[in-house]
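In UniProt numbering, the protein residues as written are 1 to 306.
Every residue gets a Cβ at the ideal spot worked out from N, C-alpha and C, and that includes glycine.
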Amino acid sequence: MIHVEHLTKTYGTTRAVDDLSFEVRPGIVTGFLGPNGAGKSTTMRMILGLDRPTAGRATVNGRVLADHPAPLTQIGSLLEARAIHPKRSARNHHRALAATTGIPERRVDEVLDVVGLTDVADRVAGGFSLGMGQRLGIASALLGDPETIMLDEPVNGLDPEGILWIRHLLKDLAAEGRTVLVSSHLMSEMALTAEHFVIIGRGRLIADVSAAQLAAMSAGDRVYVRTPDGALLRQVLAADGVEVRNVDTAPSTTRRSVRSPSPRSSARWCSSSLGTAGRSRRSASVSSRRSWRPRPPGSRRRSSRR
Numbered sequence: 001m002i003h004v005e006h007l008t009k010t011y012g013t014t015r016a017v018d019d020l021s022f023e024v025r026p027g028i029v030t031g032f033l034g035p036n037g038a039g040k041s042t043t044m045r046m047i048l049g050l051d052r053p054t055a056g057r058a059t060v061n062g063r064v065l066a067d068h069p070a071p072l073t074q075i076g077s078l079l080e081a082r083a084i085h086p087k088r089s090a091r092n093h094h095r096a097l098a099a100t101t102g103i104p105e106r107r108v109d110e111v112l113d114v115v116g117l118t119d120v121a122d123r124v125a126g127g128f129s130l131g132m133g134q135r136l137g138i139a140s141a142l143l144g145d146p147e148t149i150m151l152d153e154p155v156n157g158l159d160p161e162g163i164l165w166i167r168h169l170l171k172d173l174a175a176e177g178r179t180v181l182v183s184s185h186l187m188s189e190m191a192l193t194a195e196h197f198v199i200i201g202r203g204r205l206i207a208d209v210s211a212a213q214l215a216a217m218s219a220g221d222r223v224y225v226r227t228p229d230g231a232l233l234r235q236v237l238a239a240d241g242v243e244v245r246n247v248d249t250a251p252s253t254t255r256r257s258v259r260s261p262s263p264r265s266s267a268r269w270c271s272s273s274l275g276t277a278g279r280s281r282r283s284a285s286v287s288s289r290r291s292w293r294p295r296p297p298g299s300r301r302r303s304s305r306r
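What follows is the structure, given as structure tokens:
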């Protein structure tokens with residue numbers, strides 16, 4: 001189990017993580033979501049003790065990780081798949097890791113087989129592709145047979161077959177009763193794997209919900225848009241038959257409730273507030289505070305097809 005309590009990290013005047021609290025329970029896959037720069041990797045580094053928190057604490061299986069006598073048997077992690085000597089073979093890399101914790105050498109061949117690297121185990125890692133590097137990093141995370149697994153963007157560089165493999169692996173690990181935390185900025189990918197979601201933005205907790213609760217939050221056919229030019233927004237979207245109505249006003253912006261009449265037009269102008277690639281074909285969820293520039297009248301409309 002991972003327990004994060006009021007975790008804060010500042011770099012000079014920048015607050016990367018801001019009073020963050022959540023718990024990752026065993027037996028399910030938990031998705032750790034947020035746009036790039038939200039503070040996900042920084043949070044994971046503090047959980048592992050690689051970065052010292054400015055305030056708060058993070059524990060793994062009830063203790064700060066540094067207090068465990070054999071950390072590799074408590075948590076397996078993947079933060080940077082290429083963090084390996086390029087002249088060392090995949091097998092020798094894991095033999096060195098195993099020696100630091102007294103892990104039997106037979107376990108090295110076991111994990112290399114699990115991730116599909118048996119045939120290249122004696123090749124130097126510097127010649128591995130990005131996808132093979134990801135598999136090597138996942139093997140390192142599994143080496144100590146830990147109760148807790150924490151992976152940062154594990155599908156990066158994997159081909160479709162590899163992505164399907166990692167989905168099944170994560171679910172199998174959770175089914176064994178392990179704690180599984182997986183970070184991603186792709187809501188579309190996590191929706192196929194995770195049963196619970198911790199969502200952060202600008203270092204702060206946005207939501208800590210089950211998959212069913214998240215689906216209920218995003219259901220509907222409207223989105224709230226903040227814009228400094230509500231009249232232009234209405235003019236641009238009216239051409240697509242989109243209903244726009246004023247919700248409230250503020251000195252600098254106008255907040256509009258926008259209802260889409262069709263899935264196609266919704267897909268063209270709506271995007272997730274998380275900044276992910278998981279765009280909805282029928283709805284948009286919460287309002288984005290990013291500046292949104294509507295298409296000027298008379299300009300050419302870009303096709304939504306890709």
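task: Could you tell me the boundaries of the alpha helix (DSSP H) in which G56 lies?
output: For this step, residue 56 is matched to residue 56 along the sequence shown. Here G56 belongs to no alpha helix (DSSP H); instead the beta strand (DSSP E) covers 55-60.
query: What's the call for P160, buried or exposed, on a 16-neighbour Cβ count within 10 Å?
result: Taking the first residue of the sequence shown as position 1, residue 160 is located at position 160. Per the 10 Å Cβ criterion, exposed.
- prompt: For K87, which residues from the same chain have a beta carbon less than 7 Å from its beta carbon, with the 5 sequence-adjacent residues on both sides left out?
  reply: Position 87 of the sequence shown, counted from the start, is the residue given in the question as residue 87. Closer than 7 Å at the Cβ level, and outside the excluded window around K87, lie V124, G126.
task: Could you name the residues of the same chain whose beta carbon sits closer than 6 Å to that of T276, not counting the 5 residues immediately before and after it, in chain order?
output: As a position in the sequence shown, residue 276 is number 276, starting the count at 1. Model confidence at T276 stands at a pLDDT of 35, short of 50, so the residue's coordinates are unreliable; what they give is reported in the following sentence. So the list reads H185, L186, M187, once near-sequence residues are dropped.
message: For G62 and N156, what's the separation of their Cα atoms in angstroms?
response: Along the sequence shown, read from residue 1 onward, the residue named residue 62 stands at position 62. Along the sequence shown, read from residue 1 onward, the residue named residue 156 stands at position 156. For G62 and N156, the distance between alpha carbons rounds to 30 Å.
task: Indicate the three-state DSSP secondary structure (helix, strand or coil) for N92 in the structure shown.
output: Numbered from 1 along the sequence shown, position 92 holds the residue referred to as residue 92. Correct three-state label for N92: helix.
Within 8 Å, strictly: CB atoms of L170 and V4: Position 170 of the sequence shown holds residue 170. Position 4 of the sequence shown holds residue 4. Contact flag unset, no.
field: Nearest to G56 (by Cα), restricted to the options H93, A66, H6
entry: Here residue 56 corresponds to residue number 56 of the sequence shown, with the count starting at 1. Of H93, A66, H6, the residue nearest in Cα terms is H6.
field: Enclosing alpha helix (DSSP H) for S183 [first to last residue]
entry: Taking the sequence shown and counting its residues from 1, the one referred to as residue 183 is at position 183. Careful: S183 lies outside any alpha helix (DSSP H), inside the beta strand (DSSP E) at 179-184.
- prompt: Around the Cβ of R45, are there at least 16 other Cβ atoms within 10 angstroms (buried) or fewer (exposed)?
  reply: In the sequence shown, counting from the first residue as 1, residue 45 sits at position 45. Counting the other CB atoms within 10 Å of its CB gives R45 a total of 16 or more, which places it among the buried residues.
message: What would DSSP say about M1, mapped onto helix, strand or coil?
response: On the sequence shown, position 1 is the one that residue 1 refers to. Coil.
task: Would you check if the distance between the CB atom of A90 and the CB atom of L72 is smaller than 8 Å?
output: Translated into the one-based positions of the sequence shown, residue 90 becomes position 90. Translated into the one-based positions of the sequence shown, residue 72 becomes position 72. Their beta carbons are not under 8 Å apart, which means A90 does not touch L72 by this criterion.
- request: Assign H196 to one of two classes, buried (16 or more other C-beta atoms within 10 Å of its C-beta) or exposed (fewer than that).
  value: The residue you call residue 196 lines up with position 196 of the sequence shown. Answer is buried; the Cβ neighbour count reaches 16.
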